[in-house]
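The next block holds one structure in the form of structure tokens; read it before the comments.
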Amino acid sequence: MAFRRGDTIPGWLPLMLGIFTAVGPVSTDIYLPALPEMERQLHSAPGSGSITMAAWVIGLAIGQITIGPVSDRFGRRLPLLIGMIGYTIGEVGCALAPTMTIMCICRVFSALMASAGLVIPNACLRDLTEGDEASRLMSRLIVVQGVVPILAPMLGGFALKFVDWRVIFWATAVYGGLCTLMLLTVFPETLPTQERRDMRPLSIIERYIYILRTRSFITNGLVWSFLGFVTFTYLTGAPTLFEERFGMSPFHYGMLFGLFAVCMIGASAINGLVVGKVSTTHMLFSALGISLTGSILFLALAVISAVDLTSGGQLRSFFLWPLIISLVITMAPTGIIGPNSMVGILSEQSERAGSASALAGTMQYLFGAVASALFGLMSPGTAIPFAGFLVFAFCAATVFALLRPRLPSSAP
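If you read the sequence shown in this note's numbering, its first letter stands for residue 7, the second for the next number, and so on.
So, in structure tokens, the structure goes:
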């Protein structure tokens, strides 16, 4: 079975692509509650479990930049199938790992294979659609993908009350097996043979150079990359702010994390409903405007509250909800910014969609890593560095959005 551009896209296809893409968040989030117990059972030093996360990120960064050209050469289905099989094997290795070293090796292997799930679904949508239709379907994919970060840590923490931490990796292996089964039975090929690209090293380098010279990729890719900067700033800064500065319990912070995720998913769902009636350009700038306004409000509140937070004043509880509301206003529109910037990234890359998606994914992870590293060096005592990073990122994203060319199929 194969689909071609112009064919009617069945509703189950974006759902299935979202399930493949969610392999990344599943494997990142679900085992986090198990890290302390995993360290004890593997006779490793406290905190050493975080190395497994570093191993995962390294594998994803290398895997994404590699899998893109592979999918442009051999089609989408075969590399994705091999990736899901390899991911399943890697997760079985994690479940059986006798030492932390073996665990890290298996995590790198799993990430290399799972990177196919992060890259290829975006390329599949570009193979079949463009413009507003691509943005609408991308929003569906992100809705499916976004549910996982909410559920995964909760499911992982709940499971640990009844089972050993290794069961979590057996569960992710089953997830990979189900993805493999879907690829073997119903998933179609979306890249025609005549549109496949050469895979010689020089050809791959030339392809990436061509992509980097494309204005639509550079401008939209930097919007996408600064979105990664925002995401990692949030993931790094929010726990410090709400748990350490405001004394919020891990349980209540988990509920707050869920609130932010639900708002992002809701924004993405709205994007899917209105795209076609409102252009992707208008949606992108509206979302950036709201996020930038929210981040400036968040920064203003951070400055006002700084004296009270550092002195342990009585107004601490007063500032909590205004900060939460302003951060919701800031973060929720990222569910709109993401799909519309990705549509722009792939708009002129029909025969290079896999490589373009891979390069964009690697850029986003690099920007996220820079944000985490810089934020970690600051050791913030207030919300000001957190808010300042967000304002900077949304200002930069807005500037690059202003420089992007108009999408061919989008209204002005």
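Glycine included, each C-beta is placed from N, C-alpha and C at the ideal position.
For this session: Give the C-beta separation of residue 4 and residue 289 to the nearest angstrom, bearing in mind that I take them to be a contact with Cβ-Cβ under 8 Å.
Result: Examination of residue 4 is not possible in this model, given that the chain is present from 7 through 418 alone.
For this session: State yes or no: is the C-beta of residue 311 nearer than 8 Å to some heavy atom of the ligand GTP?
Result: Looking for the ligand GTP in the displayed structure turns up nothing, as the structure carries no ligands at all.
Exercise. Going by Cα to Cα distance, which pick from 115, 44, 196 and 69 is closest to residue 367?
Worked result: In the sequence shown, counting from the first residue as 1, residue 367 sits at position 361. Closest by alpha carbon: 69.
Problem set entry | residue 226 versus residue 105: straight-line alpha-carbon distance, rounded | As a first step, residue 226 is located in the sequence shown; it is residue number 220 there, counting from the start. As a first step, residue 105 is located in the sequence shown; it is residue number 99 there, counting from the start. Near 42 Å, if we compare the C-alpha coordinates of residue 105 and residue 226.
Problem set entry | residue 15: first and last residue of the uninterrupted alpha helix (DSSP H) it sits in | Here residue 15 is taken as the residue at index 9 of the sequence shown, counted from 1. Run containing residue 15: none; DSSP gives neither H nor E here.
For this session: Pick out whichever of 37, 325 and 332 has its Cα sitting closest to the Cα of residue 164.
Result: Working through the sequence shown from its first residue, we reach residue 164 at position 158. It is 37 whose Cα lies nearest to the Cα of residue 164.
Exercise. Looking at residue 304 and residue 333, is the spacing between their C-beta atoms short of 9 Å?
Worked result: In the sequence shown, residue 333 corresponds to position 327, counting from 1. In the sequence shown, residue 304 corresponds to position 298, counting from 1. Yes, the Cβ-Cβ distance between residue 333 and residue 304 is below 9 Å.
For this session: Enumerate in chain order the residues of its own chain whose CB-to-CB distance from residue 230 is below 8 Å, with the five nearest sequence positions on each side excluded.
Result: Here residue 230 corresponds to residue number 224 of the sequence shown, with the count starting at 1. These residues qualify, in order along the chain: 344, 347, 348, 351, 366, 369 and 370.
Exercise. Going by DSSP, which residues form a beta bridge with residue 280?
Worked result: Within the sequence shown, the letter at position 274 stands for residue 280. Looking at the DSSP assignment, residue 280 forms no beta bridge with any residue, so it has no partner.
Problem set entry | Buried versus exposed call for residue 215 [16 or more other C-beta atoms within 10 Å across all chains shown] | Within the sequence shown, residue 215 is the residue found at index 209, counting from 1. With fewer than 16 other Cβ atoms within 10 Å, it is exposed.
For this session: Report all residues from its chain with a CB closer than 8 Å to the CB of residue 426; omit the five preceding and five following residues, and keep chain order.
Result: This structure gives no information on residue 426, because the portion of the chain shown stretches from 7 to 418.
Problem set entry | Same chain, Cβ closer than 6 Å to residue 61, five either side skipped, listed in chain order | Within the sequence shown, the letter at position 55 stands for residue 61. Around residue 61: 110, 113 and 114.
Exercise. How would you label residue 359, buried or exposed, when you count the other beta carbons within 10 angstroms and need 16 or more for buried?
Worked result: In the sequence shown, residue 359 corresponds to position 353, counting from 1. By the 10 Å Cβ count, residue 359 comes out buried.
For this session: State the Cα-Cα distance for the pair residue 18 and residue 194, rounded to the nearest angstrom.
Result: Start at 1 with the first residue of the sequence shown, and residue 18 comes out as number 12. Start at 1 with the first residue of the sequence shown, and residue 194 comes out as number 188. Rounded to the nearest angstrom, the two C-alpha atoms are 12 Å apart.
Exercise. Does the beta-carbon of residue 180 have 16 or more other beta-carbons within 10 angstroms, so that it is buried, or is it exposed?
Worked result: Numbered from its first residue, the sequence shown carries residue 180 at position 174. Exposed.
Exercise. Cβ of residue 44 within 9 Å of Cβ of residue 30?
Worked result: For the purposes of this step, residue 44 is taken as the residue at position 38 of the sequence shown. For the purposes of this step, residue 30 is taken as the residue at position 24 of the sequence shown. No, the pair does not count as a contact, with Cβ atoms beyond the cut-off.
For this session: Within its chain, find whatever has a CB closer than 6 Å to the CB of residue 220; leave out the 5 residues flanking it on each side and keep chain order.
Result: Taking the sequence shown and counting its residues from 1, the one referred to as residue 220 is at position 214. Same-chain partners within the cutoff: 354.
For this session: Return yes when the Cβ of residue 67 is within less than 9 Å of the Cβ of residue 228, no when it is not.
Result: Residue mapping note: residue 228 aligns to position 222 of the sequence shown, counting from 1. Residue mapping note: residue 67 aligns to position 61 of the sequence shown, counting from 1. No, the Cβ-Cβ distance between residue 228 and residue 67 is not below 9 Å.
Exercise. Is the Cβ-Cβ distance between residue 251 and residue 72 less than 9 Å?
Worked result: The residue given as residue 251 occupies position 245 in the sequence shown. The residue given as residue 72 occupies position 66 in the sequence shown. Result no, Cβ atoms of residue 251 and residue 72 do not sit closer than 9 Å.
Problem set entry | Nearest-angstrom Cβ-Cβ length linking residue 335 and residue 296, presumed shorter than 8 Å | Reading the sequence shown from its first residue, position 329 is the one you call residue 335. Reading the sequence shown from its first residue, position 290 is the one you call residue 296. About 6 Å separates the two Cβ atoms, so the contact holds.
Exercise. So the alpha helix (DSSP H) residue 44 belongs to, where does it begin and stop?
Worked result: Residue 44 sits at position 38 when you count from the first residue of the sequence shown. That run of the alpha helix (DSSP H) goes 41 to 47.
For this session: Assuming residue 274 contacts residue 75 (C-beta within less than 8 Å), just tell me the rounded distance between them.
Result: What you label residue 274 is simply residue 268 of the sequence shown in a count that begins at 1. What you label residue 75 is simply residue 69 of the sequence shown in a count that begins at 1. Contact flag wrong, Cβ pair sits at about 29 Å.
Exercise. For residue 416, which of helix, strand or coil comes out of DSSP?
Worked result: Counting from 1 along the sequence shown, the entry for residue 416 is found at position 410. With a pLDDT of 42 at residue 416, under the threshold of 50, the modelled position of this residue cannot be trusted; read the value that follows with caution. In the structure shown, residue 416 sits in coil (DSSP, three-state: anything other than H, G, I, E or B).
For this session: Under 8 Å by Cβ, that's how I've got residue 307 and residue 339 pegged, so tell me the actual separation to the nearest angstrom.
Result: Within the sequence shown, the letter at position 301 stands for residue 307. Within the sequence shown, the letter at position 333 stands for residue 339. So it is not a contact: roughly 18 Å between Cβ atoms.
Problem set entry | Separation of residue 217 from residue 224, as counted between CA atoms | Numbered from 1 along the sequence shown, position 218 holds the residue referred to as residue 224. Numbered from 1 along the sequence shown, position 211 holds the residue referred to as residue 217. Rounded to the nearest angstrom, the two C-alpha atoms are 8 Å apart.
Exercise. So, helix, strand or coil for residue 252, using DSSP?
Worked result: Here residue 252 corresponds to residue number 246 of the sequence shown, with the count starting at 1. Note: residue 252 maps to coil in three-state DSSP.
For this session: On a CA-only basis, which of 178, 357, 233 and 100 is nearest residue 400? Give me that one, please.
Result: For this step, residue 400 is matched to residue 394 along the sequence shown. Of 178, 357, 233 and 100, the residue nearest in Cα terms is 233.
Exercise. In three-state DSSP terms, what is residue 168?
Worked result: Along the sequence shown, read from residue 1 onward, the residue named residue 168 stands at position 162. Here residue 168 sits in coil by DSSP.
Exercise. Using the C-alpha atoms, what's the distance from residue 260 back to residue 202?
Worked result: The count along the sequence shown starts at 1 and reaches residue 202 at position 196. The count along the sequence shown starts at 1 and reaches residue 260 at position 254. Whole-angstrom Cα-Cα distance: 44 Å.
For this session: Using only alpha-carbon positions, find the residue among 253, 190 and 409 that is nearest to residue 287.
Result: Position 281 of the sequence shown holds residue 287. Cα-wise, what sits closest to residue 287 is 409.
For this session: Drop a sphere of 10 angstroms on the beta-carbon of residue 65, count the other beta-carbons inside from all chains shown, and report buried for 16 or more, exposed for fewer.
Result: For this step, residue 65 is matched to residue 59 along the sequence shown. Burial call: buried.
Exercise. Between residue 190 and residue 23, is the Cβ-Cβ spacing less than 9 Å?
Worked result: As a working note, residue 190 is residue 184 in the sequence shown. As a working note, residue 23 is residue 17 in the sequence shown. No, Cβ-Cβ distance for residue 190 and residue 23 is not below 9 Å.
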